[in-house]
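Per the numbering used here, numbering of the sequence shown is gapless, rising by one per residue and ending at 399.
Each residue gets a CB set at the ideal place from its N, CA and C atoms; glycine is no exception.
Accompanying notes for the structure given below.
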Amino acid sequence: MPIFRARHLATLSGPVINDGCVVVNDDRIVSAGAYCDIRPTSVDQDIDGVLMPGLINFHTHLELTNIRRPASSGSFVDWILTISPLIRGDKATFAQRRADAVRQGIAQCIQFGVTRVWDITQNVHIVRPVLEESGIRYISFGECLGIGERRPRFDLLLTDAISTQHSPAASIGVSPHAPYTVDSEGLQNVIEQTKADGLPVMMHLAETPDEAAFLLDHSGPLGEIYRRLDMDPGPAPGFSGGPIAWLNTMGANSIHAAHVNYCSDADIQMLKQMNVTVVWCPRTHTYFGHPPHRWKEMCKAGVAVRFGTDSCASSPDLNLVDDLRLVLRQWPDVEPMDLFRRAAGEIRAGEFADMVAFQTASTDPLTQILQTPDMLPTHVWVGGKLIKP
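Structure follows, in structure tokens:
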């Protein structure tokens with residue numbers, strides 16, 4: 011029964027505790043609180059700093075870790091057309107390169123204090139076995155895309171996404187990619203299938219301002235992708251309300267929506283009504299030059315907002331704390347505790363003993379972490395066991 015003592019304990023379910031203590035049995039927390047209240051007979055790990063819950067990267071693509079982002083994003087379409095050939099590369103080495111990328115991504119996650127990752131992949135047969143052996147917790151969202159002449163591919167990817175061949179059911183989900191790669195029938199199939207199986211759903215939504223034009227008549231920059239690739243996207247939906255309203259017409263309740271960089275007040279209310287959780291990736295957002303994100307307005311309206319990094323194809327690395335640091339620089343009035351609560355679990359009885367330690371000296375350790383560039387964790391535990399990159 012390992013016992014942890016720390017100068018500061020940030021459970022994230024209440025104020026930071028001075029001289030905190032956490033008792034672990036098997037892989038779960040038995041008790042957590044002030045050392046003087048728990049009064050253990052011994053201590054196995056003494057933390058010179060702050061002990062806090064492991065971080066959760068709510069949106070990333072680990073299989074792109076070895077695809078370095080271009081120096082300049084250009085337009086979103088330019089970025090897609092630039093990185094796509096880099097992902098495909100040599101068919102003979104494709105599987106090995108993707109597996110290596112996932113391992114590199116997992117190593118970064120651990121280095122930066124992430125103990126749980128929500129990962130998106132079109133290659134579940136490659137990625138899920140690597141995740142399963144990694145030691146960190148995960149949800150693997152099988153990504154489904156394909157419209158028009160590529161529609162049969164969507165169905166094949168959906169079959170792969172919901173398969174438990176490589177991962178237990180509790181660790182899988184489905185990701186219908188985006189409004190410009192998924193048609194109404196395909197999205198409806200995902201909603202019905204995941205509802206029946208109780209699987210989580212994550213979709214890229216309102217990532218660019220061009221999704222509305224594509225949903226209306228397949229025009230605009232997103233339509234240009236299909237024209238430049240000489241692909242037939244099939245008949246246009248003819249929907250004029252924009253991507254969030256389109257999602258609403260599909261009855262897609264309680265899903266996770268990545269990015270949501272463009273939305274109106276009415277859209278925010280729809281997100282609330284649909285019980286959508288928004289996952290924002292701040293450094294990727296800045297890389298593409300999007301206008302300020304409306305995450306605070308979302309929170310005020312009652313929309314849950316979480317944080318992710320996206321991939322190394324659009325972010326310098328998978329350091330989730332650096333994304334939180336960027337948010338604090340842009341919104342200096344935000345409480346660091348609030349940011350960490352949107353990017354981590356909690357330390358409390360019954361929860362998995364997934365924890366991270368930082369060597370801090372301040373009486374306000376969470377602020378010190380976010381105001382100290384390059385500060386990295388000293389220790390990371392998953393289920394109470396020390397884990398290393």
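The closest CA to that of E73, considering only L330, C322 and E345, is found on C322.
In this structure, S194 places its C-beta atom within 8 Å of the C-beta atom of M260.
Comparing alpha-carbon positions, the option among G244, I120 and G158 lying closest to N329 turns out to be I120. For the stretch 101-140, the continuous alpha helix (DSSP H) assignments of 4+ residues that do not extend past its boundaries occur at 104-121, in sequence order. Counted as a single uninterrupted DSSP element, the stretch harbouring P50 is not any alpha helix (DSSP H), since DSSP gives it neither H nor E. DSSP places P178 in the coil class of the three-state scheme, outside both helix and strand. When beta bridges are read from the DSSP output, H389 appears opposite A367. Taking a cut-off of 8 Å on C-beta distances, the stretch 91-101 does not touch the stretch 48-59, as fewer than three cross pairs fall below it.
Measuring C-alpha to C-alpha distances from S144 to each of A359, G115 and G233 identifies G115 as the nearest. Around the CB of Q283, fewer than 16 other CB atoms lie within 10 Å, so the residue is classed as exposed. When rounded, the separation of the alpha-carbon atoms in F68 and V288 is 10 Å. Considered as a whole, the stretch 290-349 harbours 292-297, 305-311 and 330-340 as its complete alpha helix (DSSP H) runs of no fewer than 4 residues, in chain order. Using a Cβ distance threshold of 8 Å, T370 and H135 do not count as a contacting pair. Only exposed fits L396, as fewer than 16 other CB atoms lie within 10 angstroms of its CB. Spanning the alpha carbons of V315 and R79 requires a straight line of approximately 25 Å.
A straight-line Cα-Cα distance of about 22 Å links I66 and D374. Counting only residues of its own chain and dropping the five nearest sequence neighbours on each side, M280 has a CB closer than 7 Å to the CB of I254, A255 and N258.
Residues V344, P346, L349, L380 and Q381 of the same chain have their beta carbon placed closer than 8 Å to that of L338, with the five preceding and five following residues left out of the count. By the Cβ criterion, the stretch 361-370 is in contact with the stretch 32-51, since at least three pairs of Cβ atoms, one from each stretch, lie closer than 8 Å.
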